[in-house]
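Residues in the sequence shown are numbered from 2 upward in steps of one, following my numbering. Every residue, glycine too, gets a C-beta built ideally from N, C-alpha and C. Owing to the predicted nature of the structure, the values given are computational and were not obtained by experimental measurement. Take a look at the structure below.
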Amino acid sequence: MQVSVESPNQVERRLTITVPVQEVETAFDKRIHRIAQTAELKGFRRGKAPLSFVKQRFGDEARNEALSEVIQASLYEALKKEKLNPINTPQIEPKMLQPNQPLEYVAVFEVIPEINSIQFEDVSVDKPVVNVGGADIDDALDRLRNQRVTWHQVDRASQDKDQVLVNYSAIHEGNFEPENKVKDFSIVLGSKRMIPGFEEGLLGTKAGEEKQLHLSFPQDFFMKEKAGAKVDFTVEIIKVLAPTLPVVDEAFVKALGIVKGGVEELRNEIKTNLDRERDRLVRERVKEQLFNKLLEQNSLEVPGSLIQGEAKRIHDELHPHHQGHDHGHSHEEMEIFNDLAKKRVTLSLLITAYAKKQAIMVDSARVLARIQEIAASYEHPEEVIRWFSTNKEQKSAVESQVLEDQVIEKLLQGANVTEKAVTYQELIAK
């Protein structure tokens, strides 16, 4: 068997493999004799037909199966010989399939690119420093109250934070479509759920009134085909409802599951949660800066098969009910998926290569601590820990997260870190 390797780029390999005719014919003879043992041909008992008759009837089938066997076996040997590890299924391109001639074919596949060096120089990072104060706790407490808001109908003009129940129809660039007619739609004024001008245009309206709104979609609207387009709304006000927020008292605290300590204990728990969220966000902000610098300083050719696989995972994360189905996403949406997938894959390759270069091994103690932290949020944490121990894929995901944290710590050692004081609201707004 002869093997030659071509490398058109960093990630693609083309193996040209030539198998001697004797191996092909031997595989064919074995296959045709196997078929002959059970072949049923008219005029002959089962398995007793002459081999020439069997070849005439089943020869093409036997040769195709023999070729498949030879290709599979020879490709395995060639990959082993050349020490190549495909990351996708090799595509087979036959070059010569003639009787009594060697079998020649090309196997095309992708490999993980070799990363011999990684640049990470002159990197400056801003690290947010945040003190969670009483005002932040008050804001969080207000959010809890708003989650338990009750509404009562009022006979007055609508105000900010009121809820209005409406029927509306929309005409886009002069065109009306049935799906643009909506009934019994509830919106809290000031929630910014609708495009700019819609909620503001309903301030001061009363039940029974009709309002015409002449607006435009934002230039950065997520549906590109509507970005900047004009839209005319006809809105019928059905009801105006005012909010009633619960009083923060013992009953409110107990409704949240806090049995002892009252309001003070609630505020302490809120403070703990805000501190935890602050720490997470600070890590994310620092990580984002470090990884962006890593990407800027290291260009890398990324295997298309890895990008496609990651893009599918991103799609399934965003559309869990559409997993495994193509629902005709727009070209713009697919570009966003692919761009994000390429960034994720590139970072993953760079992180792995950097960890190898710096001899960073996954800290098993930190992996266990992370699993225990995850398990603590469940009713039966010990069962969750056992599940991780038997689920290699999920445990591997945690190991990847821990390795990423270790790489971040190492990168930070070589970066210029400037602490910058910001408010909690500024931190969560970014």
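C-beta atoms of residue i and residue j nearer than 7 Å
| i | j | result |
| --- | --- | --- |
| N293 | A312 | no |
| A63 | I33 | yes |
| I113 | L166 | no |
| V4 | A79 | yes |
| V368 | V399 | yes |
| A366 | L404 | no |
| Q290 | V418 | no |
| P87 | F59 | no |
| E83 | A28 | no |
| V12 | P304 | yes |
| D161 | L203 | no |
| V232 | A136 | no |
| V22 | P103 | yes |
| V20 | M2 | yes |
| V319 | V346 | The amino acid occupying residue 319 in the given sequence is Leu; Val does not appear at that position. It is not a contact, given that the beta carbons lie outside the stated cut-off. |
| P129 | K343 | no |
| A208 | F218 | no |
| H376 | V363 | What sits at residue 376 in the sequence shown is Ala, not His. Cβ distance not < 7 Å, so A376 and V363 don't count as in contact. |
| Q164 | Q298 | no |
| I361 | L341 | no |
| V124 | A416 | yes |
| A243 | V155 | yes |
| G234 | L257 | It is worth fixing the name first, because residue 234 is Phe in this sequence and not Gly. In this structure, L257 does not lie closer than 7 Å to F234 by Cβ. |
| L216 | G198 | yes |
Cα-Cα separation, residue i to residue j
| i | j | result |
| --- | --- | --- |
| K358 | N117 | 9 Å |
| L282 | L428 | 7 Å |
| V408 | V107 | 39 Å |
| Q220 | H173 | 15 Å |
| N176 | I188 | 24 Å |
| R149 | P247 | 7 Å |
| L301 | L295 | 11 Å |
| E270 | E380 | 19 Å |
| P91 | I18 | 13 Å |
| V287 | Q414 | 13 Å |
| L275 | K396 | 28 Å |
| A37 | P51 | 8 Å |
| K212 | A141 | 35 Å |
| K261 | I138 | 19 Å |
| V133 | E226 | 42 Å |
| K81 | N65 | 24 Å |
| E41 | K56 | 13 Å |
| L412 | R279 | 21 Å |
| R157 | D406 | 55 Å |
| M335 | L348 | 20 Å |
| Q373 | K184 | 48 Å |
| V249 | E266 | 12 Å |
| N181 | S192 | 21 Å |
| P321 | R35 | 47 Å |
Outcome for residue i when other beta-carbon atoms lying within 10 angstroms are tallied against a minimum of 16
| i | result |
| --- | --- |
| S8 | exposed |
| Y425 | buried |
| F223 | exposed |
| T391 | exposed |
| A430 | exposed |
| R284 | exposed |
| S159 | buried |
| Y169 | buried |
| F186 | exposed |
| E200 | buried |
| R144 | exposed |
| F45 | exposed |
Endpoints, alpha helix (DSSP H) assigned at residue i
| i | result |
| --- | --- |
| P382 | P382 to T391 |
| A376 | S365 to A376 |
| A208 | No alpha helix (DSSP H) holds A208; DSSP gives it neither H nor E. |
| T39 | T39 -> no alpha helix (DSSP H), and no H or E assigned at all. |
| N299 | Segment: none, N299 is in no alpha helix (DSSP H) and carries neither H nor E. |
| F253 | E251 to A256 |
| S53 | L52 to E83 |
| R314 | G305 to L319 |
| Y425 | Y425 to A430 |
Span of the beta strand (DSSP E), counted from its first residue to its last, around residue i
| i | result |
| --- | --- |
| D233 | K231 to T245 |
| I88 | Careful: I88 lies outside any beta strand (DSSP E) and carries neither H nor E. |
| R14 | E13 to V20 |
| D127 | S125 to V130 |
| E1 | Residue 1 lies beyond the stretch modelled for the chain, which goes from 2 to 431, so this question has no answer here. |
| K421 | N417 to A422 |
Residue(s) in a DSSP beta bridge with residue i
| i | result |
| --- | --- |
| V165 | I188 and V241 |
| A171 | F234 |
| F110 | R14 |
| S217 | K231 |
| H153 | A243 |
| N176 | H173 |
| K343 | None, per the DSSP bridge assignment. |
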